[in-house]
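Residue numbers (the numbering used here), protein chains in the order written: chain A, 59 to 403; chain B, 8 to 869; chain C, 10 to 273; chain D, 2 to 190. All residues carry an ideal CB built from backbone N, CA and C; glycine is no exception. As structure tokens, the structure follows; a few thoughts come after it.
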């Protein structure tokens with residue numbers, strides 16, 4: 059600790075350990091670079107005059123909220139969680155017939171992989187392996203992330219169990235895994251909906267359906283890339299179609315802007331968020347179109363699977379990026395709240 | 008005040024909570040303005056016009072405090088019939104001496120009387136035998152009806168009659184309405200029931216008429232009866248922990264401890280003469296000899312005897328002005344070899360830093376004591392002229408010693424804070440490495456020098472050999488005992504080593520020893536009084552048992568004025584000190600600043616001497632006649648009454664008189680200190696004023712190294728109004744180059760409505776606000792504001808004018824090829840333009856180092 | 010233990026930033042580095058993982074009632090801090106239990122527990138708490154929990170020269186605030202109002218334990234006008250998730266059945 | 002931080018034990034949090050001091066442990082400041098314990114291009130020699146009018162106004178007795 063301290067002290071505090079005692083609460087805060095990323099602020103002052111407008115809509119256009127700090131691995135986890143959930147459910151739905159064995163075992167494998175690789179990705183964001191264990195320190199019903207972590211852990215165990223036992227797994231395990239899978243696939247939607255982020259907050263009712271339908275789509279997309287027999291293919295395709303249609307519908311609804319939320323629903327057309335969002339849309343639609351072509355060809359199937367997967371991944375990154383954009387815009391927070399107040403009065 | 012003294016401002020806000028009206032007068036809208044009731048943006052350098060108008064308002068509307076003014080001030084005194092006012096001479100007073108290039112104040116005196124001022128330039132009144140003057144004082148002529156045209160009140164009335172609200176509009180850019188709001192608020196809150204206080208800082212002092220700014224405030228406060236009363240007064244907000252102490256125990260060329268003047272070569276040829284010139288026949292300064300002899304005994308101990316005039320001859324004699332800027336000019340001309348700079352950073356904090364560094368380059372050796380090498384210590388490698396290649400480090404011969412100093416937590420000693428309060432600091436930790444206190448440095452230097460001179464028989468070395476220097480020391484580092492030094496400052500009885508408990512005990516027969524008479528009693532009974540820390544919650548609101556205030560632990564000076572003629576408080580609300588008829592003594596919440604058993608009805612007999620000349624209604628005991636001076640019969644070099652003069656470099660012609668500037672001001676007419684035109688210099692069309700920010704400290708030596716402060720104000724910037732920004736194409740957050748004939752700097756631009764232009768008779772005047780904290784070393788850097796300023800000073804105290812001068816501002820960064828830092832004009836000097844002075848004044852004799860000033864003996868060396 | 014908190018009276022704030030430095034000094038937080046923002050005297054810009062008190066400088070071309078100036082202008086100064094909400098977004102979102110409600114009812118982040126999941130960052134409706142990238146954990150004002158443990162006063166409140174920041178028992182603070190507001194109104198400062206003092210003032214958060222007296226709309230100081238703790242409406246999300254989840258199960262079964270049925 | 006892991010310390014179990022379904026409070030606290038106390042609680046001593054910045058003279062309390070500065074904050078007892086400090090005063094601990102502090106005497110020889118370190122005693126000796134040499138060379142006994150001068154204009158001094166009274170007193174006393182008259186101070190600037 060003291061080592062970390064003395065090194066950290068050099069920057070920002072510039073206290074000489076020979077002359078000063080460093081035991082303050084913040085003294086443990088490790089600092090690598092002296093300056094935080096001023097980049098996000100520097101250009102602003104050229105654009106903004108320090109001379110205020112007559113009425114003050116905001117504080118020098120500075121962000122009112124903090125942006126999400128999550129890195130690339132989090133959306134990736136969202137995707138994997140979706141696939142895992144979908145597979146778990148499908149696995150449970152399949153009858154124990156031999157012609158579905160391949161699909162069933164693939165599902166078990168993917169479900170198990172998803173719920174184990176997922177946490178690994180989360181840990182990547184946290185930085186330290188042991189840090190993930192803290193997720194299981196308490197159980198907080200108020201926190202979707204807490205609920206999610208526990209379900210993830212539970213599902214993880216069940217999925218592993220059903221993978222090991224395979225066909226011999228008792229139905230309780232199979233159905234348990236399925237239920238856990240639904241949680242894993244869906245809680246992430248609630249997790250985003252349960253934030254102060256103006257965009258996510260605005261669309262809090264839509265996010266869970268979006269995530270779940272997209273989870274179904276992603277599952278199908280992933281399975282479509284695997285060698286399966288005709289029956290299995292049919293099951294996957296039909297299962298997937300439900301998800302893809304649902305996902306498309308949810309995405310359209312997400313984009314809907316009303317005078318009430320015009321500043322908040324933001325970034326779907328511009329910036330990196332917009333790009334990803336549109337890519338997701340295109341990929342999804344293309345996937346569906348391919349599915350509808352009657353011709354039987356494994357390349358068509360694989361292409362559709364690839365597009366769907368791509369779309370599902372883009373969608374999750376798009377949500378993070380557009381969320382960042384929304385957090386950066388003070389009016390996205392102020393506008394809707396003001397109107398709610400006036401409405402209230 | 009909120010900017011530079013936030014915790015002092017705590018009490019202003021407390022007063023506001025209780026309903027006080029806060030008026031803030033400043034060219035900028037500062038953190039003080041933000042919470043003030045009234046903010047008055049004034050053109051920098053025009054305060055006397057504003058304050059003078061307040062005087063006029065008070066008198067013409069008959070709002071002055073009658074009983075107070077008639078009895079406690081010199082309003083009734085008659086002035087010599089030879090006196091002529093600026094009214095009669097278009098901005099000059101009578102007595103301008105063309106030969107000497109200065110005023111002869113004889114005609115300013117009281118009718119038939121010669122009085123000595125409580126402070127200021129004693130050399131200015133001729134030295135007749137004391138007794139005579141004492142006698143005349145009692146016979147001073149008065150007109151208590153205040154109607155005699157020669158009485159102070161009438162002269163005051165005439166003098167300020169032209170300072171009208173209209174003049175305020177033209178000279179200060181303040182609307183009549185706003186002025187009247189201020190005037191009314193001030194008068195409504197003065198009188199028996201209420202008092203008003205005036206706080207100022209260097210925004211008032213750093214002008215060529217700085218002293219007269221304060222004088223005008225004094226006149227206002229005396230007229231309103233706001234001096235010597237609780238909630239009244241004029242407060243100088245000191246910018247440093249012990250700036251007050253540094254003048255009480257002065258490291259100033261013209262003073263010895265306790266405001267005793269340094270001997271002057273051509274007057275004070277021996278102790279007798281010295282005392283004659285500096286003692287007053289009446290008032291408290293009649294005690295002068297006691298203080299001087301006790302000081303000499305403190306310094307030279309047994310060697311000081313009546314026979315050898317208590318070693319008076321050991322003291323060096325001054326010949327005119329040896330103040331900071333004069334010294335640096337001499338330095339630049341190669342007349343100074345060695346320079347000690349202790350905890351000071353002139354290469355950033357002083358005027359015309361290029362000239363400062365030029366001075367440093369001419370030195371043989373330089374000693375700097377500080378936390379880390381400052382710009383002054385680094386001048387030979389970190390300076391604009393080095394960066395531009397104008398000067399090569401390898402051409403600089405100066406030998407530089409940097410001594411790391413101990414922090415305030417690593418040594419013990421006293422600060423004298425702004426309210427004359429001595430507070431003792433205990434030592435918390437040992438200084439690291441070779442860091443030492445300045446006390447350690449000076450004491451050990453002294454010991455080494457005594458050693459070096461031990462065997463000398465040369466008479467010039469007697470002073471060092473006889474110097475008493477035996478203070479105990481402690482610890483491995485041999486830190487001298489600060490408490491023993493404090494004890495000597497307090498003084499003790501030479502015969503029986505008993506500590507003196509007050510300056511009244513001092514004697515002139517050599518039996519008392521005292522290092523600084525006004526500090527007498529700070530070590531009363533061997534108790535370290537400044538170390539007293541009785542919690543505020545456990546004593547009355549005056550808190551007399553926290554630290555120790557000079558003189559005699561008085562918290563409010565001249566507090567006898569808080570009571571009326573009979574010695575009763577003017578009002579219950581403003582009760583402070585009163586006469587207790589039973590005990591036959593003055594009493595109250597504070598130590599009475601008066602002869603404690605002198606009844607209000609006491610009147611001196613005509614032949615009274617010394618302090619017996621003070622009557623029971625003479626609260627201002629330091630003055631010869633015990634009255635507050637509305638009019639200064641002597642002591643000031645630039646006139647008995649404040650008069651509005653424009654700054655050396657102005658944007659306006661003096662709207663009141665033909666005389667543009669203070670005739671007695673000090674000018675340095677030299678190539679490396681060029682001045683702009685008197686006014687309307689198209690090359691330098693804007694007003695500039697320098698100042699501090701809350702987040703930094705003066706020249707930055709104590710703040711520019713601290714990340715916690717640097718992040719709050721990270722780099723040098725200037726403040727301009729949106730109007731000026733538009734005019735000069737300045738972008739908020741962008742760069743600007745600011746220049747004068749002395750130098751050129753670049754800074755970030757902060758465009759803000761807190762700066763605002765003044766429209767004065769049709770012309771728009773813009774002000775550029777320039778914080779002066781930054782320079783070339785430290786963790787937060789920028790160009791130094793004082794690259795721009797010039798050597799130019801007030802005649803009375805030689806303080807520079809940095810609060811109002813003219814500059815040019817252009818958008819963009821500084822051009823690197825411009826070379827001025829080494830000290831030559833940036834622009835070809837342009838001698839033309841309007842005159843600053845009336846013809847007789849123009850012929851000021853030039854002194855050494857290009858110095859021109861109306862100051863006694865200045866030219867003797869030339 | 011009774012609830013304690015801050016009452017920040019912006020009408021007496023002189024923007025000296027003593028609170029910012031006193032906080033960094035006590036907690037020994039690093040400086041954020043030198044950066045000139047060009048936004049009045051605000052160079053630290055916002056509350057951060059490293060800046061737990063932040064002074065906002067609002068320059069307005071508007072007169073403040075009760076103040077006389079040469080031209081319509083006023084400078085509003087305000088020391089911002091974590092609000093320690095009665096219903097705290099960060100607290101309710103924290104999955105690790107790193108963020109807890111203390112015996113003083115303040116919201117405290119336990120640096121030894123926080124795993125840096127970053128969920129609190131997006132859940133604070135005031136944008137207060139943040140994760141310091143090179144430290145990996147979330148940080149914010151502790152309301153000097155350590156000092157309070159032995160009855161001490163938070164560093165910022167102690168340092169504040171004009172008592173713009175007052176610390177004390179919540180109910181007493183509310184009384185002081187009400188009195189102060191009355192006084193200001195009686196002196197004609199009509200724009201003065203209390204921000205987030207009680208549940209009624211701010212139902213979304215159930216009231217703040219660090220509340221403010223403001224002189225302009227909240228957004229002028231970069232405060233949300235009507236913040237709400239996210240968890241308040243989270244039921245809706247769980248609800249739609251339930252429906253969608255059911256849909257998912259049905260879809261799976263249906264997909265399988267349809268194929269099975271096709272066989273017969 | 003937290004000591005060895007025992008199941009009883011597991012907050013999730015504590016939640017059940019303490020019937021605390023929400024898990025927002027005490028049950029979620031770590032050992033460190035429970036033991037938390039102000040860092041100044043174990044100071045060796047608290048020293049009364051005065052802020053070194055402006056002239057207001059705010060009281061300071063200096064907390065010391067193992068000869069190191071722990072904390073510098075305001076003094077509630079001071080009638081001047083009642084515990085308050087401005088940003089500069091609050092940063093005092095960084096001023097006195099910052100890495101900017103130089104701990105050795107530095108010397109720049111004539112025409113030199115860099116600082117060199119010098120032992121304190123040696124440096125003091127060198128300065129004393131320079132003072133004597135310059136003083137002896139530039140001594141003025143009297144001026145042309147035969148008035149006594151007894152001084153040197155060859156050496157000057159400029160002091161900061163953060164010097165203690167005791168320091169100023171010795172400076173004035175010594176330099177005056179050396180015959181230096183150009184003894185000046187921030188007080189004029």
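Going by the beta-carbon positions, is the gap between residue i and residue j smaller than 9 Å?
i              : j              : result
residue 362(B) : residue 798(B) : yes
residue 228(C) : residue 117(A) : yes
residue 522(B) : residue 174(D) : yes
residue 801(B) : residue 423(B) : no
residue 345(B) : residue 172(D) : no
Hey, residue i and residue j are a contact pair by Cβ (cut 8 Å); roughly how many whole angstroms apart?
i              : j              : result
residue 90(C)  : residue 219(C) : 5 Å
residue 29(B)  : residue 223(B) : Not confirmed; about 20 Å, so no contact.
residue 372(A) : residue 341(A) : 6 Å
Looking at the structure shown, is residue i part of a helix, part of a strand, or coil, going by DSSP?
i              : result
residue 74(D)  : strand
residue 683(B) : coil
residue 745(B) : strand
residue 677(B) : coil
residue 372(A) : helix
Strictly below 8 Å CB to CB, what residues from chain C border residue i?
i             : result
residue 12(D) : 106
Along chain B, in chain order, which residues have C-beta atoms closer than 9 Å to that of residue i?
i              : result
residue 27(D)  : Going along chain B, no residue has its Cβ under 9 Å from residue 27(D), so there is no contact; the nearest lies around 34 Å.
residue 42(C)  : 714, 717, 718 and 721
residue 166(A) : Simply none; closest approach about 56 Å.
Excluding sequence positions up to five away, which residues of its chain have a Cβ less than 8 Å from the Cβ of residue i?
i              : result
residue 37(B)  : 9, 10, 31 and 761
residue 331(B) : 353, 357 and 805
Note down, in chain order, every chain C residue with its Cβ under 9 Å from the Cβ of residue i.
i             : result
residue 87(D) : 25, 26, 27, 30, 168 and 170
Between residue i and the rest of its own chain, which residues show a CB-CB distance below 7 Å, the 5 nearest in sequence each way excluded?
i              : result
residue 44(C)  : 52
residue 121(A) : 385, 386 and 388
residue 125(C) : 140, 145, 146 and 147
Apart from the five residues on each side of it in sequence, which residues of its chain come closer than 6 Å, Cβ to Cβ, to residue i?
i              : result
residue 335(A) : 326 and 376
residue 172(A) : 138, 141 and 142
Could one say the Cβ of residue i lies closer than 9 Å to chain F's Cβ atoms, at least one of them?
i              : result
residue 179(B) : Here chain F cannot be found, since the structure's protein chains are A, B, C and D.
Which chain A residues sit within Cβ distance under 7 Å of residue i?
i             : result
residue 66(D) : 79
Whose Cβ in chain C lies nearer than 7 Å to the Cβ of residue i?
i              : result
residue 118(A) : 48
Who are the neighbours of residue i on chain B, taking C-beta pairs under 7 Å?
i              : result
residue 131(D) : 345 and 372
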